[in-house]
Amino acid sequence: MSAHGDPIPMTARKSGPLKGRAEVPGDKSISHRSLILGAMAVGETKVTGLLEGQDVLDTAKAMRAFGAEVIQHGPGDWSVHGVGVGGFAEPSNVIDCGNSGTGVRLIMGAMATTPITATFTGDASLNKRPMGRVTDPLALFGAKAYGRQGGRLPMTIVGAADPVPVRYTVPMPSAQVKSAVLLAGLNAPGQTVVIEKEPTRDHSERMLRGFGAALTVEATEEGHVITLTGQPELKPQTVAVPRDPSSAAFPVCAALIVEGSDILVPGVSQNPTRNGLYTTLVEMGADIEFQNPREEGGEPVADLRVKASSLKGIEVPPERAASMIDEYPVLSVVAACAEGTTVMRGVKELRVKESDRIDAMARGLEACGVRIEEDEDTLIVHGMGLGGVPGGATCKSHLDHRIAMSFLVLGLATQKPVSVDDGSPIATSFPVFEGLMTGLGATVERSDK
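So in the numbering used here, spot 29 of the sequence shown is number 31, and the numbers just go up one at a time.
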């Protein structure tokens, strides 16, 4: 699948029980960060289990454009010869980050305190997304941004010649904004401080420490206060990327709603800042066993044994949103197959993802016969029980990988098939999705065959 080629219509049909072992790809967040921090270290960083989806491949190309040597040795096996903090060279061409909001925002942060200029663009979806949330704090370091109206790509960033450290309170729960500021702070003298009112995924903090940066995290009345001492020499690391809990969500949720299913999803990250979906599913009555808990690459992981379950609707606490923001689309599919009503509040961040995910899921679920309520910050799904969703619709993916995969999961449990107009964006994060799901027994196929 290509996220940049012709649309790939896809259809999912009611399946027999899903069985077997689902080896999901490496974590996307950690994959991006391992390449960027490897490029900012001095020496050779080795990465195993790297996600080879288009988003991460675009970040690898970007790091090459900034002067790092990035080499693929085999499936998931990569090395990065870094240029050191402040060592980025000025790229000779526009940096195309494809569909990746994480990639472009983190890379902007990483180069913003080096006196070079770079121009960024992306696909039609990424070029609609707001970048001011990152460029505003980067301006405090002395960087300048020149983009389209509304702070959108294509955008040129002129890095600060004499960067100053900043103290910044992130106005919305966003690991991307936090991480961009921390990466910019690496090449600023003194201490850069980021304050989060609500904690978000902490991969950047864990990995910065691992690469040798002096970083502290303190819980205060203001929130989580993260303090980074600038201008360290980052030391190259060996990074073992755990499996992505956001990708694992799709086979896990499919197994829960397809009767008779029993699957094992090994080695999934259990980072507490990422596991809100799994907590929520268990509260809904999901039969999930967290087997063989252990640590890999500095991250807690476990093997997930998942069986089809009779689920009930719940109210998801809004404070949980940051730990499961990418999983609300597939949770809304599970909610449609549960008994009763599931209420998801505090989810307005979904409106500025690869698509307006609240609107995309609401319209698609309605087309499949599910009753939905929504406002700017809320999605409410009135469940129809296992096997009760009519289906039969073609849903728009809006160039959004998670929307496409969510509706294909829904189609495995509906009375009539569910199609998506374009499954090509799936390649950005989960290039083996189709093969993995069919290997478990799911009926997922390209409609254009």
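For every residue, glycine included, the Cβ atom is placed at its ideal position computed from N, Cα and C.
With contacts defined as CB atoms closer than 8 Å, L401 and P427 qualify as a contacting pair. Secondary structure note for P139: its alpha helix (DSSP H) is the uninterrupted segment G134 to F143. Inter-segment contact for the region 212 to 225 and the region 398 to 415 is absent: fewer than three beta-carbon pairs are separated by less than 8 Å. Secondary structure in the region 8 to 64: the beta strand (DSSP E) runs of 3 residues or longer, each lying completely within the stretch, are 12 to 15, 21 to 23 and 44 to 50 in chain order.
Looking at the backbone, the Cα of R169 and that of G371 are separated by about 49 Å.
Under a 10 Å Cβ-count criterion, H75 is classified as exposed, with fewer than 16 other Cβ atoms of the shown protein chains found around its own Cβ. Of L306, V345, E235 and P9, the smallest CA-CA separation from C255 is found for L306.
The C-alpha of R131 lies about 8 Å from the C-alpha of L155. About 6 Å separates the beta carbon of G287 from that of S312, a gap short enough to meet the 8 Å contact definition. By the C-beta density criterion, T430 is buried, having at least 16 other C-beta atoms within 10 angstroms. Contact between the region 16 to 30 and the region 49 to 66 is present: three or more C-beta pairs spanning the two stretches fall below 8 Å. For M346, the enclosing beta strand (DSSP E) starts and ends at T343 to R347. Leaving aside the five residues that flank G86 on each side, the residues in its chain whose CB is nearer than 6 Å to its CB run, in chain order, V44. Just measuring C-alpha positions, the residue of V318, G269, N273 and E351 sitting nearest N294 is G269. Distances from the CA of Q193 to each of R404, Q272, P165 and S248 were compared; the closest alpha carbon is that of P165. Residue environment: V241 is assigned as buried (16 or more neighbouring CB atoms within 10 Å of its CB, all protein chains considered).
Taken atom to atom, the span from the alpha-carbon of L37 to that of G366 is near 36 Å.
Spanning the alpha carbons of S206 and Q417 requires a straight line of approximately 43 Å. Looking at V391, G437, M439 and L442, the one whose alpha-carbon comes closest to that of V420 is V391.
Counting the other CB atoms within 10 Å of its CB gives D424 a total of 16 or more, which places it among the buried residues. Where P331 is concerned, the enclosing alpha helix (DSSP H) starts and stops at Y330 to A338. A residue is called buried once 16 or more other Cβ atoms fall within 10 Å of its Cβ, and T202 is buried on that count. L442 has its alpha-carbon roughly 31 Å from the corresponding atom of E317. Counting of Cβ neighbours within 10 angstroms places Q56 among the buried residues, the total reaching 16 or more. The shortest CA-to-CA distance from F143 to any of P191, T218, R66 and P320 is the one to P191. In the displayed model, L155 falls within a strand according to three-state DSSP. Within the same chain, Cβ atoms closer than 8 Å to the Cβ of A444 are found at A14, S17, L20, A256, V260 and L414, the five residues on either side in sequence being excluded. A straight-line Cα-Cα distance of about 37 Å links N189 and P331. Distances from the alpha-carbon of M326 to those of V446, R276 and A250 put R276 closest. A Cβ-Cβ contact shorter than 8 Å links A369 with C397. Less than 8 Å divides the Cβ of A216 from the Cβ of P234. Within the region 57 to 129, the runs of alpha helix (DSSP H) that reach at least 4 residues and sit entirely inside it are, in chain order, 103 to 113. In the same chain as G105, and ignoring 5 residues on each side of it, the C-beta atoms closer than 8 Å to its own belong to H34, D57, V58, D60, T61, A64 and C99, in chain order.
Take G300, set aside five residues on each side of it, and the residues of its chain with a beta-carbon closer than 7 Å to its own are R208 and G212, in chain order.
Scanning its chain for C-beta atoms nearer than 6 Å, with the 5 sequence neighbours on each side dropped, one finds around G394 the residues K418, in chain order.
Secondary structure at H226: strand, using DSSP grouped into helix, strand and coil.
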